[in-house]
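As C-alpha cells, the structure follows; a few thoughts come after it.
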Amino acid sequence: MDDARRRGYLDALGVTIWERRAPLAAVADQIEIAPVAPEPISPPLPSPPEPVQTKLERLPLPSREGAGGRGAERLPPIEIEPDPMPFDRFDESGCSPALLDAWDAIAHLPPASDRPGNAIERMDWETLEATVTGCRACGLCATRTRTVFGVGRRDADLMIIGEAPGADEDREGEPFVGRAGQLLTRMLAAIGFSREQVYIANVLKCRPPGNRDPHADEVLHCEGYLLRQVALVQPRVILAAGRIAAQQLLKTDVTVGRLRGRWFSFGPSAIPLRVTYHPAYLLRSPDQKAKAWEDLTRIRRRLDGADA
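Below is the structure:
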C-alpha cells in the first residue's frame, strides 16, 4: 500500500498522523516547564499492634457434657494488684452497711403468720419460681415476654449474678444466652466449670424495654427474690458480672474498674464476692479479657482454698 492510500485509510479511521519532528534535543530549549513543588512526605503510619489472644479466646466452647469439673487441671495462679478505691463505704469485712440493711429487710421480717401472704424468706424453690413467674409488682410485667428466674445447680459452690435480661434472655427465659452467654460458658470452662455446675441469676427478673438500665424501684421489687435465691443456694463464692450487678449487690456507686481486684463479703453469712466485667462488655472491649481472666483465676483459687 502506497503512502497516500495508507494516509487516506488512517484518516477514515480517525487516526491522527504525527509528523516526524526534529530530535528532542533540538527542541528542548523551546519547551517551558513550570516548576512543581514536591509533595510533602508524610511519616509512615505505625503498624497496628498484633492482637493479644488470651486464654479465654483460645478455648473452644465446651460441650453440654461438662468441662472437667473439680478434677480438671488446675490453672497457674496469677497475682494482681488491687485497684485503689475508697474503703470507707465498707466495714472491715468488706460489706457495706446499706447491703446489711437490705438483708435485714428480707431476712428478719415478722413471722409469716403475723402478716398476709407467703413471706419470701419462707419460700422454697418451687414457690419462689412460681411467684417470680406471676410477679406484677412493677411495670416491666407489661413489656416482658418471659420472666428470667435463674438456672443451674441449686446447691452450687459458685453463684453468678448478672444485671438484667436482654432480648435473648427475655425470649428464652434463661439468663446469659446469645453471644454473651457463649462467652460466659467459655469463661467458666476456663476454670473447670460447666454451666450446669454453677447457679446463674440476674438482679432483675424481667427485661427493661430497649435494654435500658433498671430503675431503682424495679431493682427494689426484685431484690427479695434474688436474696432468697442466694439464701437457698448458699454458695461458697459469688461472682458479680457487670456494673449494675456489682453496684446493686454492694450498694455502692463505685465503678467496676475500681471494685474488681479485691474480695467483698456479701450478706450476714459473709459470702466472698468478686466483681468482674460483664461478658457483653468483654465482647465490645476484648482488651479487657485479660483482667476478667485474672478475676476468674482468683475465683478458682478461692474455691480450692488457695486464696483467702
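Using full-length UniProt numbering, you'd call the opening residue of the sequence shown number 1 and step up by one each time.
The beta-carbon is built from N, C-alpha and C at its ideal position, and this holds for glycine as well.
Computed from a prediction, not measured in an experiment: that's the story for all the values here.
Check	Outcome
Helix, strand or coil: which one does DSSP assign to T255?	coil
Restricting to Cα atoms, I'd like to know which of P268, V177, L249 is closest to T276.	L249
Could you compute how far the alpha carbon of C141 sits from the alpha carbon of Y281?	27 Å
When you compare the stretch 174-185 with the stretch 129-138, are there three or more beta-carbon pairs, one atom per stretch, that lie closer than 8 Å?	no
Using C-beta distances below 7 Å, list every residue in its chain close to R195, excluding the 5 sequence neighbours before and after it, in chain order.	G152, T185, L188
Does the stretch 213-222 touch the stretch 143-157, meaning 3 or more C-beta pairs lie closer than 8 Å?	no
Could you give the DSSP three-state label for R144: helix, strand or coil?	coil
Looking at D253 and the ligand GDP, is the gap between the Cβ and the nearest heavy atom below 6 Å?	The ligand GDP is not among the ligands present in this structure, which contains no ligands whatsoever.
With distances taken between CB atoms, is the gap from V237 to R302 smaller than 7 Å?	yes
Specify, as a first and last residue, the run of the alpha helix (DSSP H) that I271 falls within.	Taken as a continuous stretch (DSSP letters only), I271 belongs to no alpha helix (DSSP H), being part of the beta strand (DSSP E) at 271-276.
Helix, strand or coil for C95 per DSSP?	Note that C95 scores 46 on pLDDT, short of 50, meaning its location in the model is unreliable; the coordinates nonetheless yield the value given after this. Three-state DSSP puts C95 in coil, outside helix and strand.
Going by beta carbon distance, what residues of the same chain come within less than 8 Å of G162, once the five residues before and after it are set aside?	P175, F176, I200, A201, N202, V203, A241, G242, A245, H278
In terms of alpha-carbon separation, which member of A137, P235, G224, F264 lies closest to A119?	G224
Quick one: residues in its chain with C-beta nearer than 8 Å to the C-beta of W125, no 5 flanking neighbours on either side, listed in chain order?	R154, L232
Considering only the alpha carbon of each residue, which of G267, A290, L226 lies closest to G257?	A290
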